[in-house]
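Protein chains in written order, with the working numbering: chain A, 18 to 393; chain B, -2 to 149; chain C, 92 to 368.
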Amino acid sequence: MENRFLITLEGLGALLAELKGMGRTLIGPVVRDGAIVYDEITGLRDLPAGWGDVQEAGRYRLEKRDDGALFAYNSSPMAWKRFLHPPALTLWKARRRDDGFRIESEAQAPPLHAFIGVRACDLRAIAIQDRVLMEDRFRDPHYAARRRDVFILAAQCAQAGNTCFCASMDSGPRATQGFDLALTELLHPEHRFLLEVGSEAGGRLLSRVPHQVAGEADWAAALQATENARAQMGRHVDTRNIKTLLYGNAEHPRWEETAQRCLACANCTMVCPTCFCTAIEDHTDLEGSEARRVRHWDSCFTSQFSHIHGGVVRAGIASRYRQWLTHKLASWQDQFGTLGCVGCGRCISWCPEGIDITEELAVIRAQDQNGAGEDA
Amino acid sequence: MEDLKRIVTEHPFFEGMEEEHLALVAGCARNMRFRGGEFLFREGEAANTFYCLRAGEVALEIHSPHKGAIRIARRGAGDVVGWSWIVAPYRWFCDARALGEVRALGFDAVCLRGKWEADKAFGYEMYRRFVPLMLANLQATRMQMLDVYGRQ
Amino acid sequence: MDASDPLCPRPAPVRAVHHETADVFTLILDVSAIPGGAAFAPGQFMMLYVFGVGEAPISISGDARDSRTLAHTIRAVGGVTRALRNLRPGDVLGVRGPYGSAWPVAAARGRDVVIVAGGIGLAPLRPVIYHLLRRREDYGHINICCGARSPGDILYTGELQRWREEGDMQVMVTVDHGDPGWRGQVGVVTELLDRVRCDPANTLAFTCGPEIMMRFTVRKLRELGIAGEAIHVSMERNMHCAVGFCGHCQFGPLFVCKDGPVFPWPRIAPFFGIREL
């Protein structure tokens, strides 16, 4: 029953050192280029102590805090998919031979990763990509190899950004599954971490560092932190009947209006933690004796994404924006049984035009063309 | 005469037409036969006859000096051939050539036009039967124009 | 080669190349070296890989009873398909598949069948015709309606003739543009549907061709009294992976690669008329 524990700041350092000692590459938050991004860390000292961020539609700014909080930032422009579903990946190589050619898969054991500081919304996003790339009719061996043994140390949110809306999407702010360990950072009266154990591997790791059982007051403080995050959430989406709402409004004039602002830059799809689309490219060496197949992230906002011989299906930006948003919130449900949006707010913060998915949905609902989104 | 009226009645174009109107139609009709290769009409000639095909097939063609006769449509038993007789100046737009033995009902266009001028209800009945055919042909022509199988 | 990797092609030599029209050709591939051959169902497609050039989804146009060879009828319109045209017997290409849904041929037993093909759309329907011919007596009237751009673009002319003469099938062909030698029908394929022989209440219809053509074909089939559930449509969308990973082939909630390419009409009807979907 006891799965709530307390560790100190030093304890967290020891925990990271243990993970590293097990041969894992630690990937965690670091300050770089004016943002908090995920990269390899050596330990506690690389974490963004005392850094927070301010986010708004089309805006992201780091801000120094007056405490030493390690996990007091909001959604990073980087999503964890970078490490599970890399932006560019060689799928296989082919070598020319006398009798044709031989193909060798590049699906191989990737580095053993530990993700440090995964948010509730991003845990949901990982589960969503698992469903797409591992749990459908076909299994992507490249994704599966990276996903299989990853260790996840989640970080519960004690605050929320202005573009956050995970509470609306029921994916946060409190993470309840999908992690090996989940920490809640408590700053008062002293800097410490409440740890929840989510797996046997998490329990085993915890047993190797100094810890104590958390008291009721510590647990209450952790829950209060989550409630603070919920109260701070800057955005909201009404998801009632959202599938029928969007299917029923494919010809809504709002798509065209938004297309006047949308640059089709694909930023939203690059920062989105669930967007999984890819394109395939073939490369050959100069001699033409070796060919490589490379898969890289693609976006439904690019003009060639829907190319079929004779032209492109989604010629206008309005249809591409509609595809993206309708896929996230409507057709994803038909395809994979869940929403494709986790409410992380990255697409809002990182849109150069500040197009806000929550605002778009609110407008479409307010001007519902056929009563499609009303209660049945 | 009664025999001709029965043949007219049996043609799909006149299906369901009132007796009174059938009598008017039959009064302008005659039986016609064409041998293979024979022209029902030629482009530019006066459009004096309206044909309802009973057997055999007819090609509608436009002749071009470089390409020869280009077939633009083919009509068979149950189809009608010729609309130019409805609209002034009553000149055929293309050639109609029998592909093998053809049997048809031929209607004197002057006779028909005279009757529907005198009897507007009859005229309406005839137009009501022509308009859907024209629409279907116009839509089919637009589809052809789309060149849906087009080469790159 | 990793057999468990759905993204890795397997080598298959070209056994023969047939030229069908000016820009359409048929590749016969030897897949006997692949364990299990390439057992497929009519309507499915393969990913064909040309060394160093790339991969393209191509429907299977041969006889499903023959699992040692694969036939693909291809129009040279893009980089990969043009490279496929340059292949000669003995050359090796890569194959993955078969993928996708199939025409419900088993459901045709005891019923009339209407097949409506436009242009290269006849290729994925040819396996259906082979299937029906094998036990002709199991089916009622069989109608094959083909539309092509011009007489020179008609596929499988010899076979069409044979099916007409020996297959107890009503085979009708029409072209958009006739030429001086053309003695057949001129006009769109939907006009042929006025002459199909079938009991609409007991008919199965299969159509493949350009999307506009299929839209009007379905409309006409419905006018004839054929129920939506009895109409099956094969869709085309951009495809990179064929296994549901790349996202390109989405059509509303459907992935053309794994949910299609063959869909019962009611499944795609809500999305078919939406522009730029």
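From the three backbone atoms N, C-alpha and C, an ideal C-beta is built for every residue, glycine too.
Small disclaimer: the values here were computed from a predicted structure and weren't measured.
Among the options, the one whose alpha carbon lies nearest that of residue i
i, options, result
"Ala44 of chain B", "B:Ala115, B:Ala137, B:Arg100, B:Arg110", "B:Arg110"
"Gly40 of chain A", "A:Gly219, A:Leu129, A:Ile334", "A:Leu129"
"Gly30 of chain A", "A:Leu36, A:Leu61, A:Ile24, A:Asp56", "A:Leu61"
"Ile365 of chain C", "A:Gly327, A:Pro290, A:Lys260, A:Tyr264", "A:Tyr264"
"Leu342 of chain A", "A:Phe322, A:Arg21, A:Cys317", "A:Cys317"
"Arg156 of chain C", "C:Val144, C:Ala129, C:Thr164, C:Val171", "C:Ala129"
"Asp83 of chain A", "A:Leu204, A:Leu101, A:Tyr338, A:Thr291", "A:Leu204"
"Ser188 of chain A", "A:Ile143, A:Arg331, A:Val226", "A:Ile143"
"Glu58 of chain B", "B:Asp76, B:Glu35, B:Arg94", "B:Arg94"
Own chain residues within Cβ distance below 7 Å of residue i, not counting five before or after
i, result
"Thr281 of chain C", "Phe307, Thr308, Lys311"
"Val219 of chain C", "Pro133, Trp194, Val196, Ile206, Phe297"
Residue i to residue j span [Cα, whole Å]
i, j, result
"Met142 of chain B", "Pro190 of chain A", "58 Å"
"Glu304 of chain A", "His331 of chain C", "26 Å"
"Glu140 of chain C", "Met131 of chain B", "Residue 140 of chain C is actually Tyr in this sequence, not Glu. Roughly 48 Å separates the two Cα atoms."
"Val186 of chain C", "Asp115 of chain A", "18 Å"
"Asn177 of chain C", "Val288 of chain A", "42 Å"
"Arg154 of chain A", "Glu7 of chain B", "58 Å"
"Cys183 of chain A", "His228 of chain A", "31 Å"
"Leu87 of chain A", "Gly45 of chain A", "11 Å"
"Gln252 of chain C", "Leu280 of chain A", "54 Å"
"His323 of chain C", "Arg225 of chain C", "21 Å"
"Asp270 of chain C", "Gly278 of chain C", "13 Å"
"Asp255 of chain A", "Glu376 of chain A", "11 Å"
"Gln149 of chain B", "Ser336 of chain A", "Note that Gln149 of chain B scores a pLDDT of 38, beneath 50, so its modelled location is shaky; the value from the coordinates is reported in the next line. Near 25 Å, if we compare the C-alpha coordinates of Ser336 of chain A and Gln149 of chain B."
"Glu15 of chain B", "Leu315 of chain C", "26 Å"
"Phe136 of chain C", "Gly212 of chain C", "13 Å"
"Cys294 of chain A", "Asp315 of chain A", "5 Å"
"Leu108 of chain A", "Gly362 of chain A", "31 Å"
"Met18 of chain A", "Gly28 of chain A", "Confidence at Met18 of chain A is low in this model, with a pLDDT of 45, below 50, so its placement is unreliable and the value that follows should be read with caution. Straight-line Cα distance between these residues: approximately 22 Å."
Sequence-distant residues of its chain with Cβ nearer than 6 Å to residue i (five each side left out)
i, result
"His269 of chain A", "Ile381, Gln386"
"Ala393 of chain A", "With a pLDDT of only 46 at Ala393 of chain A, under 50, the local geometry of the prediction cannot be trusted, and no value is derived from it."
"Thr201 of chain A", "Gln173, Leu211, Ala239, Ala242"
"Lys345 of chain A", "Gly357, Cys358"
"Val135 of chain A", "Ile169, Ala171"
"Gly258 of chain C", "Leu224"
Other residues of its chain near residue i: CB distance less than 8 Å, five sequence neighbours each side excluded
i, result
"Lys81 of chain A", "Gly67, Trp68, Gly69"
"Ala111 of chain A", "Phe118, Arg119, Ile120, Glu121, Glu307, Ala308, Arg309, Arg310"
"Ala327 of chain C", "It is Glu, not Ala, that sits at residue 327 of chain C in the sequence shown. Counting only Cβ-Cβ distances below 8 Å, and skipping sequence neighbours, we find Glu302, Val347, Pro352."
"Gly170 of chain C", "Val144, Gly145"
Chain A contact for residue i (CB, 7 Å cutoff)
i, result
"Asp114 of chain C", "no"
"Asn177 of chain C", "no"
"Phe336 of chain C", "yes"
"Asp267 of chain C", "no"
"Val168 of chain C", "yes"
"Val183 of chain C", "yes"
"Glu367 of chain C", "yes"
"Gly134 of chain C", "no"
is_contact[residue i, chain B] using C-beta, thresh 7 Å
i, result
"Val279 of chain C", "yes"
"Gln276 of chain C", "yes"
"Pro195 of chain C", "no"
"Pro271 of chain C", "yes"
Cβ of residue i within 7 Å of any chain C Cβ
i, result
"Met18 of chain A", "The predicted model places Met18 of chain A with a pLDDT of 45, which falls under 50 and marks its position as unreliable; any figure quoted below should be read in that light. No, Met18 of chain A lies away from the interface with chain C (no Cβ there is under 7 Å from its Cβ)."
"Gln352 of chain A", "yes"
"Arg331 of chain A", "yes"
"Ala137 of chain B", "yes"
"Ala393 of chain A", "Legend: pLDDT at Ala393 of chain A = 46, less than 50; position of this residue unreliable, no value from coordinates given."
"Met131 of chain B", "no"
"Thr295 of chain A", "yes"
is_contact[residue i, chain E] using C-beta, thresh 7 Å
i, result
"His331 of chain C", "The structure shown contains no chain E; the protein chains it does contain are A, B and C."
Quick one: which residues of the segment 59 to 87 of chain B get their C-beta closer than 7 Å to a C-beta of chain C? List them in chain order. Lys64, Gly65, Ala66, Ile67, Arg68, Ile69, Ala70, Arg71
Proximal residues, the segment 238 to 261 of chain C versus chain B, C-beta separation under 8 Å: Gly238, Ala239, Arg240, Asp244
When you check each C-beta in the segment 297 to 308 of chain A against every C-beta of chain C, which residues fall closer than 7 Å? Ile297, Asp299, Thr301, Gly305, Ala308
Using a Cβ-Cβ cut-off of less than 7 Å, list which residues of the segment 282 to 312 of chain C approach chain B; keep chain order. Glu282, Pro301, Ile303, Met304, Phe307
Chain B contacts made by the segment 346 to 364 of chain C, where a contact means CB separation under 9 Å: none
Residues within the segment 96 to 108 of chain B neighbouring chain C, beta-carbon criterion of under 8 Å: Leu96
Residues of the segment 204 to 227 of chain C with Cβ closer than 7 Å to any Cβ of chain B, in chain order: Gly209, Gly210
Which residues, taken in chain order from the segment 96 to 111 of chain A, show a beta carbon closer than 8 Å to some beta carbon of chain C? Leu108, Trp109, Ala111
Along the segment 114 to 125 of chain B, where does the CB come closer than 9 Å to a CB of chain C? Name the residues. none
Proximal residues, the segment 152 to 164 of chain A versus chain C, C-beta separation under 9 Å: Asp153, Arg154, Phe155, Arg156, Asp157, Pro158, His159, Tyr160
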